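Chains as they are written, first to last, in the working numbering: chain A, 39 to 231; chain B, 535 to 970.
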């Protein structure tokens with residue numbers, strides 16, 4: 039790295055708003071937590087995987103518009119598949135929510151400038167939406183737990199049908215209650231200028 | 535107005551690909567726990583598809599005020615309206631010299647309300663001139679940042695008028711209400727205000743003869759009057775180069791900053807009081823001149839012209855023209871004022887020659903030295919040494935200018951010109967030798 043490139047990198051870091059550092063912190067900690075939960079559930083820690091996840095999370099945090107985050111998520115999911123056998127373990131819920139937190143913070147950082155303070159109303163709105171996702175995830179785990187408890191032979195089709203039904207219900211409820219989905223003609227707002 | 539489409543983001547691809555792939559794994563490997571991991575991504579994907587924008591986007595932006603004074607601020611506003619699924623918007627302005635933004639990062643965000651987003655950012659100009667407000671990159675997004683719409687705005691023209699320095703002048707402050715301005719002419723001539731008694735000269739009107747005084751002195755004496763001519767201040771700005779550092783209205787001022795602000799101050803003092811003020815700048819890339827006039831409209835014209843002054847910079851001396859050509863251009867009208875105030879750093883030898891030649895033509899010229907003190911502060915010791923040598927030479931040149939009867943004063947704000955204006959007014963009443 040040349041001195042000029044290093045200086046540009048330092049200048050870039052200097053421009054980052056304090057609030058964005060918080061988002062960067064969440065986006066790094068969340069996949070690491072997901073990987074750690076997976077290791078805890080599987081009974082052994084794979085250090086190279088953890089290091090890889092940390093590196094990818096940092097890369098995704100500083101390049102949120104890239105597909106680095108997708109690679110990080112894929113590695114964590116693969117780690118879960120490879121290291122756990124219990125289909126009804128409750129640890130899958132925090133693991134899934136950690137991945138969701140990672141996805142959401144990266145998505146928010148991708149559309150906001152690095153020097154900007156994200157408006158409080160935006161954060162509240164996104165947190166409110168996240169509650170619906172958390173509810174859907176817990177509901178999904180409940181279905182999986184019940185299906186596993188009844189020993190229905192791991193009927194994934196039934197589970198998938200339940201998931202689809204739940205997702206559609208959540209979206210419908212949210213769409214009906216979201217005040218931002220206005221029916222006002224767009225030209226009227228622009229004409230106020 | 536600009537219309538562009540919405541396009542899916544990496545977040546949308548991540549959620550959709552992640553959900554579909556993980557669900558496929560769950561079905562193929564009969565792992566229902568994997569469905570729990572896929573659940574958040576699946577919900578986000580479905581939510582994103584449902585709220586996908588389905589109509590064109592309307593965008594409009596404007597600058598609150600196209601003209602400001604130095605140090606003043608205005609607001610850039612933008613409205614994004616159209617698709618019902620719009621969730622948030624962000625804007626970033628490109629940095630520009632002498633332009634500050636509020637917030638200082640130059641980036642703002644806002645959430646949507648009733649189908650539209652309002653963005654606002656404060657813009658403060660800290661130096662005079664005509665500079666555009668730089669382009670603003672605007673981004674709008676749907677819930678979960680699944681789809682984004684972006685554009686770059688056009689530049690908005692912004693004219694920053696110089697903030698005139700504090701100035702006041704008491705010289706020649708004998709107001710005569712019958713004249714156009716508050717200050718009487720400094721020349722004797724046809725008029726109403728009594729100036730004194732002097733011997734009769736051929737050409738004097740008979741009704742001006744003071745018979746009482748003539749009877750006592752045994753020779754014809756006439757009542758002399760001040761000319762009925764309002765004061766004409768001709769401002770001449772040397773914009774050949776800009777020396778020193780310009781840090782805007784809050785910091786150090788360059789030589790051109792000093793010249794422009796001092797000219798603005800003098801114009802703001804005289805023009806609203808009914809005195810005729812004209813302006814001409816030389817050494818600029820394009821000719822900048824304002825013919826004589828009075829009043830606030832004239833002040834505004836002068837300030838507008840001052841805001842357009844740009845040093846010629848790279849333009850060679852040959853292309854700028856000789857001293858004779860410049861003198862001819864200046865002498866074409868605007869400079870034939872009663873009082874010519876030239877604002878110059880007096881570094882260019884041609885400028886010094888011009889001042890001396892104007893003085894030798896019999897014009898009342900005052901030179902305001904606007905070279906800043908910090909000009910010798912340079913990190914390079916050789917540059918600093920070169921400046922010190924040049925300033926020594928300049929000191930000798932200034933002595934020559936003063937020896938030619940042209941006062942050179944430093945700009946100090948109120949009262950800077952009082953003494954020299956009084957001296958010129960006194961000198962104007964006496965006989966003069968003019969080189970022809």
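Cβ coordinates follow ideal geometry from the N, Cα and C atoms, glycine included. Owing to the predicted nature of the structure, the values given are computational and were not obtained by experimental measurement.
Reduced DSSP category for residue i - H, G, I as helix; E, B as strand; rest coil
{"i": "residue 651/B", "result": "strand"}
{"i": "residue 931/B", "result": "helix"}
{"i": "residue 159/A", "result": "helix"}
{"i": "residue 878/B", "result": "strand"}
{"i": "residue 668/B", "result": "coil"}
{"i": "residue 645/B", "result": "strand"}
{"i": "residue 943/B", "result": "strand"}
{"i": "residue 168/A", "result": "helix"}
{"i": "residue 63/A", "result": "helix"}
{"i": "residue 600/B", "result": "coil"}
{"i": "residue 45/A", "result": "helix"}
{"i": "residue 891/B", "result": "helix"}
{"i": "residue 701/B", "result": "coil"}
{"i": "residue 914/B", "result": "coil"}
{"i": "residue 753/B", "result": "coil"}
{"i": "residue 780/B", "result": "coil"}
{"i": "residue 549/B", "result": "helix"}
{"i": "residue 571/B", "result": "helix"}
{"i": "residue 741/B", "result": "helix"}
{"i": "residue 55/A", "result": "coil"}
{"i": "residue 685/B", "result": "strand"}
{"i": "residue 758/B", "result": "strand"}
{"i": "residue 536/B", "result": "The predicted position of residue 536/B is uncertain, since its pLDDT is 40 and thus under 50; a value taken from the coordinates is nonetheless stated next. Coil, per DSSP."}
6 Å Cβ shell around residue i - same chain, five flanking residues per side excluded
{"i": "residue 552/B", "result": "575"}
{"i": "residue 892/B", "result": "899"}
{"i": "residue 592/B", "result": "615, 616"}
Residues of its chain near residue i, where Cβ-Cβ distance is below 7 Å and the 5 sequence neighbours each way are ignored
{"i": "residue 542/B", "result": "680, 681"}
{"i": "residue 889/B", "result": "876, 899, 901, 935, 940"}
{"i": "residue 90/A", "result": "113"}
{"i": "residue 648/B", "result": "none"}
{"i": "residue 204/A", "result": "174, 177, 178"}
{"i": "residue 258/A", "result": "Beyond the ends of chain A as shown, which are 39 and 231, falls residue 258/A; an answer cannot be given."}
Beta-carbon proximity of residue i to residue j, cut-off 7 Å
{"i": "residue 147/A", "j": "residue 75/A", "result": "no"}
{"i": "residue 160/A", "j": "residue 653/B", "result": "no"}
{"i": "residue 658/B", "j": "residue 607/B", "result": "yes"}
{"i": "residue 154/A", "j": "residue 545/B", "result": "no"}
{"i": "residue 179/A", "j": "residue 115/A", "result": "no"}
{"i": "residue 175/A", "j": "residue 573/B", "result": "yes"}
{"i": "residue 826/B", "j": "residue 766/B", "result": "yes"}
{"i": "residue 182/A", "j": "residue 570/B", "result": "yes"}
{"i": "residue 841/B", "j": "residue 695/B", "result": "yes"}
{"i": "residue 578/B", "j": "residue 678/B", "result": "yes"}
{"i": "residue 781/B", "j": "residue 760/B", "result": "no"}
{"i": "residue 886/B", "j": "residue 927/B", "result": "no"}
{"i": "residue 793/B", "j": "residue 771/B", "result": "yes"}
{"i": "residue 747/B", "j": "residue 755/B", "result": "yes"}
{"i": "residue 566/B", "j": "residue 125/A", "result": "yes"}
{"i": "residue 80/A", "j": "residue 127/A", "result": "no"}
{"i": "residue 107/A", "j": "residue 84/A", "result": "no"}
CA-to-CA distance, residue j to residue i, given in whole angstroms
{"i": "residue 758/B", "j": "residue 829/B", "result": "30 Å"}
{"i": "residue 846/B", "j": "residue 775/B", "result": "7 Å"}
{"i": "residue 73/A", "j": "residue 788/B", "result": "60 Å"}
{"i": "residue 93/A", "j": "residue 78/A", "result": "20 Å"}
{"i": "residue 53/A", "j": "residue 610/B", "result": "21 Å"}
{"i": "residue 701/B", "j": "residue 798/B", "result": "9 Å"}
{"i": "residue 853/B", "j": "residue 908/B", "result": "Here the model assigns residue 853/B a pLDDT of 48, short of 50, so the residue's position is not dependable and the matter cannot be decided."}
{"i": "residue 924/B", "j": "residue 873/B", "result": "29 Å"}
{"i": "residue 64/A", "j": "residue 118/A", "result": "21 Å"}
{"i": "residue 832/B", "j": "residue 811/B", "result": "8 Å"}
{"i": "residue 650/B", "j": "residue 620/B", "result": "7 Å"}
{"i": "residue 731/B", "j": "residue 807/B", "result": "30 Å"}
{"i": "residue 100/A", "j": "residue 111/A", "result": "16 Å"}
{"i": "residue 601/B", "j": "residue 693/B", "result": "5 Å"}
{"i": "residue 881/B", "j": "residue 904/B", "result": "10 Å"}
{"i": "residue 896/B", "j": "residue 957/B", "result": "14 Å"}
{"i": "residue 671/B", "j": "residue 951/B", "result": "49 Å"}
Sequence-distant residues of the same chain with beta carbon closer than 8 Å to residue i, five excluded per side
{"i": "residue 563/B", "result": "none"}
{"i": "residue 42/A", "result": "none"}
{"i": "residue 922/B", "result": "910"}
(request) Run through the region 117–162 of chain A for me and flag every whole alpha helix (DSSP H) of 4 or more residues, listed as ranges in chain order. (result) 130–149
(request) Could you name each continuous alpha helix (DSSP H) segment of 4 residues or more that falls completely within the region 789–860 of chain B, going from the start of the chain to the end? (result) 789–804, 829–841, 851–854
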